[in-house]
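Below is one structure, written out as structure tokens; the observations come after it.
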Amino acid sequence: MSGSRSDRGRERRSRGIRASGRPSLRKRIARGRRSLLRRLFGPSIPEDIGLSYRAEDGLAPEAMRLGPWVTWAVGALALAMILWLAVGFGARLWRQSHARPLLRAADSGDAERVRALVAAGVDVNAADPKGDTALGAAARRGDARMVAMLLDAGATPTPEAVRWAIMNGHHDVLKALIRAGADPNTTCAWDGRCPLTEAVRRGDAAFARELLARGAAPSPDVARLARPPLHTAAADGNEEIVRLLLEHGADPRVLWQARTPAQIARDGGQTGTARILEEAEAAHAQRQSR
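Going by the numbering used here, the first residue of the sequence shown is number 638, and it counts up by one from there.
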């Protein structure tokens, strides 16, 4: 009895059917290929697709395996994708491996080493796996000479470098980056500071004017801890910068901690500055009422 059962099982498997009655793996693969062909060519599959089949699979001729040229094309495409990924990954590793010595040299202030690496063809904008660049390292340290050298060598003034200059208070580095083409509206994520807030905080009217000329927003949408530039100038009583910001469209009615710039100036005893801001508020209200 057991021998006859095993014979029947082998017989069923030889016909390409599992003992459970479900289609064999070969059948399911063939049907899957048929489904793929329908997606590629629609209901009518071209006759020259080059299909072949095995009669014992119990399938109709249209559900057969792909022909040789289709298999070759799919294989070639897969190989090309593998090569493309390998080349891209290898190039990335090469750039990162060359970025580390340049980043270390810039971070340590080794100008000679930086010159040698750049002269040897190392990409001055190469980043390590964390995204750090030589320019960012120099900006973080406040090394204005190194920053100038890297910019002259073709380094891109990135937002990362600008943020480091702002956060660490390196005003000369910030100026160099802005003059090299950095975005004047770059903000620090943690406190919303931007180049204009730093220029106003330092009372640098000339740099504030330069930033505004380069497209800095006079009333930036600063976040959380940072004061808007007009509020900062009002608190300091810096009438020159207050007038400069108002001339470039700063809104005198903007609230920061529920107070306008005029209120901050008045509370700080800056009566002259408060008067300028109150007049600006009145003129703004008059323009809106027209």
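Where a beta carbon is used, it is the ideal one built from N, C-alpha and C, also for glycine.
(request) Following the continuous alpha helix (DSSP H) through S926, name the residue where it begins and the one where it ends. (result) By one-based count along the sequence shown, residue 926 stands at place 289. T908 to S926 is the span of the alpha helix (DSSP H), which, as asked, contains S926.
(request) Indicate the three-state DSSP secondary structure (helix, strand or coil) for T770 in the structure shown. (result) In the sequence shown, counting from the first residue as 1, residue 770 sits at position 133. T770: strand per DSSP, three-state reduction.
(request) For A776, name the three-state secondary structure that DSSP assigns. (result) Taking the sequence shown and counting its residues from 1, one reaches residue 776 at position 139. DSSP places A776 in helix when its eight states are reduced to three.
(request) Work out the CA separation of A802 and L772 for me, nearest whole Å. (result) For this step, residue 772 is matched to residue 135 along the sequence shown. For this step, residue 802 is matched to residue 165 along the sequence shown. Approximately 11 Å, taken between the alpha carbons.
(message) Determine whether the beta carbon atoms of E857 and C831 lie at a separation below 8 Å.
(response) Here residue 857 corresponds to residue number 220 of the sequence shown, with the count starting at 1. Here residue 831 corresponds to residue number 194 of the sequence shown, with the count starting at 1. Position check: residue 857 holds Pro in this sequence, whereas Glu was assumed. Cβ atoms of P857 and C831: closer than 8 Å.
(request) List the whole-angstrom C-beta distance separating I913 from R880, where the pair is believed to meet the contact cut-off of C-beta under 8 Å. (result) If you number the sequence shown from 1, residue 913 lands on position 276. If you number the sequence shown from 1, residue 880 lands on position 243. Their Cβ separation, rounded to whole angstroms, is 7 Å, which keeps I913 and R880 in contact under 8 Å.
(request) Measure the alpha-carbon distance for A854 versus V761 and round it to whole angstroms. (result) If you number the sequence shown from 1, residue 854 lands on position 217. If you number the sequence shown from 1, residue 761 lands on position 124. Each residue's alpha carbon lies about 30 Å from the other.
(message) Suppose you measure from the CA of T823 to the CA of P738; what does that come to, to the nearest Å?
(response) Within the sequence shown, numbered from 1, the residue matching residue 823 stands at position 186. Within the sequence shown, numbered from 1, the residue matching residue 738 stands at position 101. In a straight line, the C-alpha of T823 is about 28 Å away from that of P738.
(request) Pick out whichever of E915, L787 and A717 has its Cα sitting closest to the Cα of V751. (result) The residue you call residue 751 lines up with position 114 of the sequence shown. With distances taken between Cα atoms, V751 lies closest to L787.
(request) Report, in whole angstroms, the separation of the C-beta atoms of T908 and E876, which I expect to be a contact under 8 Å. (result) Here the question's residue 908 lines up with position 271 in the sequence shown. Here the question's residue 876 lines up with position 239 in the sequence shown. With 8 Å as the limit, T908 and E876 do not qualify as a contact, their Cβ atoms being about 11 Å apart.
(request) Identify, in the order they occur along the chain, each residue of the same chain with its Cβ nearer than 7 Å to the Cβ of R839, setting aside the five sequence neighbours on each side. (result) As a first step, residue 839 must be located in the sequence shown, where it is residue number 202. Taken in chain order, the residues that qualify are H808.
(message) Judging by CA-CA distance, which residue of R741, Q925 and A776 is the nearest neighbour of E797?
(response) Stepping through the sequence shown from its first residue, residue 797 is reached at position 160. E797 has its Cα closest to that of A776, out of R741, Q925 and A776.
(request) To the nearest angstrom, report how far apart A920 and D780 are at their CA atoms. (result) Counted from its first residue, the sequence shown places residue 920 at position 283. Counted from its first residue, the sequence shown places residue 780 at position 143. Those two C-alpha atoms are separated by around 45 Å.
(message) Measuring only the C-alpha atoms, how far is V755 from R924?
(response) As a position in the sequence shown, residue 755 is number 118, starting the count at 1. As a position in the sequence shown, residue 924 is number 287, starting the count at 1. Computed Cα separation, rounded: 57 Å.
(request) Tell me whether R750 sits in a helix, a strand or coil according to DSSP, three-state version. (result) Residue numbering aside, residue 750 sits at position 113 when the sequence shown is read from its first letter. If DSSP states are grouped into helix, strand and coil, R750 belongs with the helices.
(request) In angstroms with no decimal places, state the Cα-to-Cα distance between P821 and V799. (result) Counting from 1 along the sequence shown, the entry for residue 821 is found at position 184. Counting from 1 along the sequence shown, the entry for residue 799 is found at position 162. Cα-Cα distance, rounded: 9 Å.
(message) So, at 6 Å on beta carbons, what are the nonlocal neighbours of L867 in its own chain, with the 5 sequence-adjacent residues on each side left out?
(response) One-based indexing of the sequence shown puts residue 867 at position 230. In its chain, beyond the 5 residues on either side, L882, A887 and P898 have a beta carbon closer than 6 Å to the beta carbon of L867.
(message) For a quick check, are the C-beta atoms of L848 and A863 less than 8 Å apart?
(response) Here the question's residue 848 lines up with position 211 in the sequence shown. Here the question's residue 863 lines up with position 226 in the sequence shown. Result no, Cβ atoms of L848 and A863 do not sit closer than 8 Å.
(message) Going by DSSP in three states, A871 sits in which element: helix, strand or coil?
(response) Taking the first residue of the sequence shown as 1, we reach residue 871 at position 234. Note: A871 maps to helix in three-state DSSP.
(request) Could you tell me which of A817, A850 and R903 sits nearest to G874, measuring between CA atoms? (result) Taking the first residue of the sequence shown as 1, we reach residue 874 at position 237. Of the candidates A817, A850 and R903, the one whose C-alpha sits nearest the C-alpha of G874 is R903.
(message) Going by beta-carbon coordinates alone, are A774 and A817 separated by less than 8 Å?
(response) Mapped onto the sequence shown, residue 774 falls at position 137. Mapped onto the sequence shown, residue 817 falls at position 180. No, they are not a contact pair.
(message) Going by DSSP, what residue range makes up the alpha helix (DSSP H) through W801?
(response) Counting from 1 along the sequence shown, the entry for residue 801 is found at position 164. Counting along the chain, the alpha helix (DSSP H) containing W801 begins and ends at P796 to M804.
(message) I need the boundaries of the alpha helix (DSSP H) containing V879, first residue and last residue.
(response) Looking up residue 879 in the sequence shown gives position 242. Per DSSP, V879 belongs to the alpha helix (DSSP H) from E876 to E884.
(request) From the DSSP output, in three-state form, read off A819 for me. (result) One-based indexing of the sequence shown puts residue 819 at position 182. Note: A819 maps to coil in three-state DSSP.
(request) Consult DSSP for A781 and reduce its assignment to one of helix, strand or coil. (result) Counting from 1 along the sequence shown, the entry for residue 781 is found at position 144. DSSP places A781 in helix when its eight states are reduced to three.
(request) For R838, name the three-state secondary structure that DSSP assigns. (result) What you label residue 838 is simply residue 201 of the sequence shown in a count that begins at 1. In the displayed model, R838 falls within a helix according to three-state DSSP.
(message) Given a cut-off of 8 Å on the beta-carbon distance, is the pair M783 and G746 in contact?
(response) Counted from its first residue, the sequence shown places residue 783 at position 146. Counted from its first residue, the sequence shown places residue 746 at position 109. Less than 8 Å divides the Cβ of M783 from the Cβ of G746.
(request) Pick out whichever of V891, L740 and G906 has its Cα sitting closest to the Cα of P865. (result) Locating residue 865 in the sequence shown gives position 228, counting from the first residue. It is V891.
(request) Compute the minimum distance between the beta carbon of A870 and the heavy atoms of the ligand GDP, and state whether it is under 7 Å. (result) Annotation note on the ligand GDP: not contained in the displayed structure, which lists no ligands.
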